[in-house]
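Each residue of the sequence shown is one higher than the one before, starting from 12 at the first, in our numbering. Note that CB positions come from ideal geometry on N, CA and C, so glycine has one too. Since this is a predicted model, take the numbers as computed values, not measurements.
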Amino acid sequence: MYHHHQLSPDQSKFKLKIAPQSTGQLDFEFALTGKGSFEKVAPLELDWQMNLPSAFMEAPYRLEGTLPITIDFTPPSPALEERAIFLTDKKMELQQPQPGLSLRYTLDGTEPGLNAKTYQGAISMTNTTTLKVRYFNTKNGASSNIWQQVYRKVLPMEPSKAKPNKPGMAYRYYEGDFQVLPNFKTLTPRRTGTVQDFNVALLAGERIDHYAVVYEGFVDIPEDGLYYFYTRSDDGSKLYIQDQLVVDNDGSHEERARGGDIALKKGLHPFRVEYFEDFEGQSLFVGYSGADGKRKPLVGLPLFCKE
Numbered sequence: 012m013y014h015h016h017q018l019s020p021d022q023s024k025f026k027l028k029i030a031p032q033s034t035g036q037l038d039f040e041f042a043l044t045g046k047g048s049f050e051k052v053a054p055l056e057l058d059w060q061m062n063l064p065s066a067f068m069e070a071p072y073r074l075e076g077t078l079p080i081t082i083d084f085t086p087p088s089p090a091l092e093e094r095a096i097f098l099t100d101k102k103m104e105l106q107q108p109q110p111g112l113s114l115r116y117t118l119d120g121t122e123p124g125l126n127a128k129t130y131q132g133a134i135s136m137t138n139t140t141t142l143k144v145r146y147f148n149t150k151n152g153a154s155s156n157i158w159q160q161v162y163r164k165v166l167p168m169e170p171s172k173a174k175p176n177k178p179g180m181a182y183r184y185y186e187g188d189f190q191v192l193p194n195f196k197t198l199t200p201r202r203t204g205t206v207q208d209f210n211v212a213l214l215a216g217e218r219i220d221h222y223a224v225v226y227e228g229f230v231d232i233p234e235d236g237l238y239y240f241y242t243r244s245d246d247g248s249k250l251y252i253q254d255q256l257v258v259d260n261d262g263s264h265e266e267r268a269r270g271g272d273i274a275l276k277k278g279l280h281p282f283r284v285e286y287f288e289d290f291e292g293q294s295l296f297v298g299y300s301g302a303d304g305k306r307k308p309l310v311g312l313p314l315f316c317k318e
């Protein structure tokens, strides 16, 4: 049995018979006794007794104790859209709550309470908005933690007025023991030149560890709109467009992907990709997607660099 000042169980005593060399499981439901949050509930203490069968004429054998049980109430995420920028307006669809829960939200940055709007359909935004959402128990008003996201209305970045005429990208190759991307302004490159792709192993030659490469050029964006850029690298990488950090995939790690969004106007935009190899495994892929949502290699777009 157990007792608790914040929780109301559907039953307070249990009996469970378990055969030798086997396991058993107890299932029960509980709710908060009043308004509040499951995040602030103290551990539940279960008082238990275990009686073991004894042989004829032997004294009964019994164990007992108290087992603390941490309450972990984590309702499913309402699935806030991660794409946090938009151009004109945005409609947000959230995951409908489970039975017995209501999903309430605010659009002004305040914390949603019982008087906040109840989610019943798509949420419309026409300006930069801080969306906060929270589950509530429809019976006793108990609340979950808060999920939040800022959605920014942005203008597409203007293209560069530069007129690079050499196809490909300029690169600078460095050697050193890196665990994160360094400040390349303080380093002297071993080699420089131009390339048509992100084949880091080709630039490193026989060296398989402890080097870095910086690629710079201009990408010809085909139309105004939102673009998603990403790198998949082993080890760290970053991607900048017009000196704005769009993708942060830094650190010493196995191959993994990271991405980010940016609004761009049609035309040439300067970009920079920084990469380093620590040890074992060496790879770099840079990709993007536009209005159609299809992911494609960045080298599929026209790339240029200065002479």
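Could you please give the first and the last residue of the uninterrupted beta strand (DSSP E) stretch that includes Leu105? Residue mapping note: residue 105 aligns to position 94 of the sequence shown, counting from 1. Leu105 -> no beta strand (DSSP E), and no H or E assigned at all.
From Gln293 to Pro170, what does the alpha carbon distance come to, in whole angstroms? Here residue 293 is taken as the residue at index 282 of the sequence shown, counted from 1. Here residue 170 is taken as the residue at index 159 of the sequence shown, counted from 1. So the two alpha carbons sit approximately 33 Å from each other.
Any idea what DSSP makes of Ala215, helix, strand or coil? As a first step, residue 215 must be located in the sequence shown, where it is residue number 204. Three-state result, Ala215: helix.
Mind checking who Asp188 pairs with in its DSSP beta bridge? In the sequence shown, counting from the first residue as 1, residue 188 sits at position 177. In DSSP, Asp188 forms no bridge with anything.
Whole angstroms are fine: how far does the CA of His221 sit from the CA of Phe321? In the structure as shown, the chain begins at 12 and stops at 318. Residue 321 is therefore absent and cannot be evaluated.
For Lys128 and Gly152, I'd like the C-alpha separation in whole angstroms. In the sequence shown, counting from the first residue as 1, residue 128 sits at position 117. In the sequence shown, counting from the first residue as 1, residue 152 sits at position 141. Spanning the two alpha carbons is a distance of roughly 14 Å.
Pop quiz: Pro233 and Lys177 are said to be a contact at Cβ under 8 Å. What is the actual Cβ separation, rounded to whole angstroms? If you number the sequence shown from 1, residue 233 lands on position 222. If you number the sequence shown from 1, residue 177 lands on position 166. Their Cβ separation, rounded to whole angstroms, is 20 Å, which puts Pro233 and Lys177 out of contact at 8 Å.
To the nearest angstrom, report how far apart Arg115 and Asn156 are at their CA atoms. Taking the sequence shown and counting its residues from 1, one reaches residue 115 at position 104. Taking the sequence shown and counting its residues from 1, one reaches residue 156 at position 145. Roughly 12 Å separates the two Cα atoms.
Tell me, to the nearest whole angstrom, how far the beta carbon of Leu250 is from that of Val310; I am working on the premise that it is less than 8 Å. In the sequence shown, residue 250 corresponds to position 239, counting from 1. In the sequence shown, residue 310 corresponds to position 299, counting from 1. With a Cβ gap of about 13 Å, Leu250 and Val310 do not count as contacting.
Proximity to Thr139 [Cα-Cα], best of Lys102, Arg267 and Leu214: Against the sequence shown, residue 139 aligns to sequence position 128. The option with the nearest alpha carbon to Thr139 is Lys102.
Other residues of its chain near Leu319: CB distance less than 8 Å, five sequence neighbours each side excluded: Only positions 12 to 318 of the chain appear in this structure, which leaves residue 319 out of reach.
Taking the straight line between their C-alpha atoms, what separation do you get for Thr137 and Arg94? Here the question's residue 137 lines up with position 126 in the sequence shown. Here the question's residue 94 lines up with position 83 in the sequence shown. Going by the C-alpha atoms only, they are around 15 Å apart.
Check Phe195 in the structure and name its three-state DSSP category. Against the sequence shown, residue 195 aligns to sequence position 184. The answer is helix: DSSP assigns Phe195 an H, G or I state.
Decide if Leu312 is buried, meaning its Cβ has at least 16 other Cβ atoms within 10 Å, or exposed. Stepping through the sequence shown from its first residue, residue 312 is reached at position 301. Exposed, since its Cβ has fewer than 16 Cβ neighbours within 10 Å.
Tell me the DSSP secondary structure of Leu309 in three-state form. If you number the sequence shown from 1, residue 309 lands on position 298. Reduced to three states, the DSSP call for Leu309 is helix.
For Val144, list the residues DSSP reports as bridge partners. For the purposes of this step, residue 144 is taken as the residue at position 133 of the sequence shown. Note: Val144 sits in a beta bridge opposite Tyr116 and Trp158.
Does Arg183 come out as helix, strand or coil in the three-state DSSP assignment? Locating residue 183 in the sequence shown gives position 172, where the first residue counts as 1. Looking at Arg183 - three-state DSSP - the assignment turns out to be strand.
With a cut-off of 8 Å, do at least 3 Cβ pairs link the stretch 68 to 80 to the stretch 206 to 216? no
State the Cα-Cα distance for the pair Gly35 and Ile29, rounded to the nearest angstrom. On the sequence shown, position 24 is the one that residue 35 refers to. On the sequence shown, position 18 is the one that residue 29 refers to. About 6 Å.
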